[in-house]
Amino acid sequence: MERYNIKVNYLFNSGFLIETENYLLVFDYYLDSVDGGQNDIANGVITEKELLTNKKILVFISHGHEDHFNPCVLDWRKKREDIKYILSSDIEIQDKDQNINIVSPYETLDIDGVLIKTYGSTDAGVSFWLKVDDINIFHAGDLNWWHWFDESEEFNENQERVFKQEIESIKDNKVDIVFFPVDPRLIESYYLGGEYFIKELSPKILIPMHFGRNYEVIKKFDSKVKNYETKVVEITKRGEEIVL
4 MERYNIKVNY LFNSGFLIET ENYLLVFDYY LDSVDGGQND IANGVITEKE
54 LLTNKKILVF ISHGHEDHFN PCVLDWRKKR EDIKYILSSD IEIQDKDQNI
104 NIVSPYETLD IDGVLIKTYG STDAGVSFWL KVDDINIFHA GDLNWWHWFD
154 ESEEFNENQE RVFKQEIESI KDNKVDIVFF PVDPRLIESY YLGGEYFIKE
204 LSPKILIPMH FGRNYEVIKK FDSKVKNYET KVVEITKRGE EIVL
């Protein structure tokens, strides 16, 4: 497997801390404590230790759902005045400053040397493509092929159509590492979005997210897409460290 010289910590749900050579990137952080354990990065909690790094910090929030956004992230400005935020436009912020960037789909930004493109979602908010330290990363947010067993055929067909249109708009970008929902609540349809993304964009690595505490679904997904060249990263616990 190609090496990228990055470290990833799984924070929970769709939350990740990504450390590259020059940056610390935070995505969709919301669970800021741990039951029966110490609040530290090994348990999926970002603390002052991470914030006081000498690297630049960018915080990405794909949308305002409570399992993707915790307003506590805005308090980090008290520790790091130079921290930068890239927040979906559906999130209401009362105390904005020059370091808070509010984004909608289909925008391009360059923040502290990181090239960022926003794309749409099939639920709420945005998804993110970025080039950081020569690594191409995509975080899907809630962009997925949502095929619900208890929804109408018309609803599910529309979800499929919109999802595939969105993937088509992303395809011009190279993707080395993708963070993508593998949601067991979709029952037998849990794999549809992830497999389609792999088939269309051929990422080198897929890191599953949005699976709750159902870690078994990752093994099922890995088996489902084993004939593709994309490596699926297995996650077994909150706070897990992944070196790529």
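To convert a position in the sequence shown, counted from 1, into the working numbering, add 3. All C-beta atoms, glycine included, are put in the ideal place defined by N, C-alpha and C.
Worksheet item: What do you get for Ile210, buried or exposed, if any count of 16 or more other CB atoms within 10 angstroms of its CB means buried?
Response: Around the beta carbon of Ile210, 16 or more other beta carbons lie within 10 angstroms, which makes this residue buried.
Worksheet item: Leaving out the 5 sequence neighbours to the left and right, which residues in its chain are closer than 6 Å to Lys229 when beta-carbon positions are compared?
Response: For Lys229, there are no CB contacts under 6 Å within the same chain when 5 residues up- and downstream are skipped.
Practice prompt. Helix, strand or coil for Ser130, going by three-state DSSP, please let me know.
Written response: It is a strand residue.
Discussion item. For Lys207 and Ile180, which I take to be in contact (beta-carbon distance under 8 Å), what is that distance rounded to the nearest angstrom?
Written reply: At roughly 7 Å, the Cβ-Cβ gap stays under 8 Å, so Lys207 and Ile180 are in contact.
Discussion item. Give the list of continuous alpha helix (DSSP H) stretches no shorter than 4 residues that lie fully inside the segment 116 to 204.
Written reply: Listed in chain order, the complete alpha helix (DSSP H) runs (minimum 4 residues) inside the segment 116 to 204 are 156 to 173, 195 to 204.
Worksheet item: Which term fits Lys59, buried or exposed, when burial requires 16 or more other beta carbons within 10 angstroms of its beta carbon?
Response: Counting Cβ neighbours within 10 Å, Lys59 comes out buried, since at least 16 surround it.
Practice prompt. With a 10 Å radius around its C-beta and 16 neighbouring C-beta atoms as the bar for buried, classify Ser1 as buried or exposed.
Written response: Summary: the structure shown does not reach residue 1, with the chain confined to residues 4 through 247, and so no result is reported for it.
Item to complete: Compute the distance between the beta-carbons of Thr125 and Glu169, then report whether it is under 8 Å.
Response: Glu169 is positioned such that its CB atom lies closer than 8 Å to that of Thr125.
Practice prompt. Determine which residues share a DSSP beta bridge with Thr111 and list them.
Written response: In the DSSP assignment, Thr111 is bridged to Lys120.
Discussion item. Out of Ile44, Ala45, Ile103, Arg188, which one is the CA nearest neighbour of Gly215?
Written reply: Closest by alpha carbon: Arg188.
Fill in: Local Cβ density within 10 Å of Lys120, reported as buried at 16 or more and exposed below that
The residue is buried, with at least 16 neighbouring Cβ atoms inside 10 Å.
Worksheet item: Excluding sequence positions up to five away, which residues of its chain have a Cβ less than 7 Å from the Cβ of Asn42?
Response: Excluding residues within five positions, the ones whose Cβ falls inside 7 Å are Ser36, Val48, Thr50.
Worksheet entry | Cβ pair Val246, Lys10 closer than 8 Å | For Val246 and Lys10, yes; Cβs fall inside 8 Å.
Worksheet item: DSSP on Glu69, reduced to helix/strand/coil?
Response: Coil at Glu69, not helix or strand.
Worksheet entry | Cβ-based neighbour list, Val76, same chain, cut-off 8 Å, excluding 5 preceding and 5 following | Hits under 8 Å: Val29, Tyr32, Val62, Ile64, Tyr88.
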